[in-house]
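One structure below.
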Amino acid sequence: MSSAVERVTGCKPMVLGPGIKTGMNILIDNPAQLGADLLAGCVGAAALYPLPCLVADLGTATKILVIDETGEFMGCTIAPGVKISLDALASGTALLPSISFTKPETCVGRNTVECMQSGSVYGTAAMLDGMIERISEELSFENPTVVATGGLGRIIANETDTIDVYDSALTLDGLKIIYDKNVK
């Protein structure tokens with residue numbers, strides 16, 4: 159991909175990986191396993207929000223990324239994403255249909271689609287609230303900043319008690335910060 163970009167544009171792309179300055183210490187067993195997208199989101203969060211900070215990234219998977227009060231990446235949690243979970247319900251059961259991801263008007267559904275939407279939206283929100291509470295307790299974070307991002311983050315963030323802000327551009331902001339650290 160890198161060589162194709164260079165061939166088409168005439169510019170050598172900067173690829174986030176080993177040797178790129180991020181300004182973030184990664185405190186996990188194998189830092190090479192941390193996805194570039196997650197790292198970029200954490201760099202953005204550490205630069206833009208008060209620390210400690212938890213980033214709830216709601217995309218293909220639902221992740222909660224942990225940044226401590228010194229701006230170091232401590233680790234994360236990974237759960238199935240909302241869309242993957244809905245797809246599994248439809249393909250793994252005899253009678254549940256494929257549905258669109260939409261917030262229902264009530265928690266208790268009155269038909270199959272509303273019931274599935276409720277479980278997806280409100281269930282994910284409750285899971286996030288519970289996990290954020292557990293992480294905060296485990297790490298003695300008294301009042302961490304909690305930022306949601308990712309494609310489904312806006313809908314779910316509004317239904318939680320713990321998410322402070324939704325930031326759709328967090329990963330892009332982090333990439334810009336990393337780019338600026340590496341440009342000569």
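Numbering follows my numbering, with no gaps: position 108 of the sequence shown is 266.
Ideal Cβ positions, reconstructed from N, Cα and C, are used throughout, including at glycine.
DSSP lists Asp-215 and Ile-236 as the beta-bridge partner residues of Lys-221.
Take the alpha-carbon of Asp-338 and the one of Lys-261: they are about 38 Å apart. Rounded to the nearest angstrom, the gap between the Cα atoms of Cys-169 and Phe-259 is 39 Å. Rounded to the nearest angstrom, the gap between the Cα atoms of Ala-194 and Leu-174 is 6 Å. Around the beta carbon of Ala-252, fewer than 16 other beta carbons lie within 10 angstroms, which makes this residue exposed.
Only residues of its own chain outside the window of five on either side were considered, and among them Asp-287 have a CB closer than 8 Å to the CB of Asp-319, listed in chain order. Across the structure, Val-304 and Ser-294 are spaced so that their CA atoms are roughly 10 Å apart. Spanning the alpha carbons of Val-271 and Leu-244 requires a straight line of approximately 11 Å. Bounds of the alpha helix (DSSP H) holding Thr-282 are 270-296. Burial of Ile-321 is indicated by the presence of at least 16 other C-beta atoms within 10 angstroms of its C-beta. The continuous beta strand (DSSP E) containing Ala-306 extends over residues 303-307. With a cutoff of 8 Å on beta-carbon distance, Leu-328 and Gly-199 are scored as near each other. Between the alpha carbons of Leu-310 and Pro-238 lies a gap of roughly 13 Å. Straight through space, the alpha carbons of Ile-336 and Thr-218 are spaced by roughly 24 Å. The same chain holds no residue with a CB closer than 7 Å to that of Met-159 once the five nearest residues on each side in sequence are set aside.
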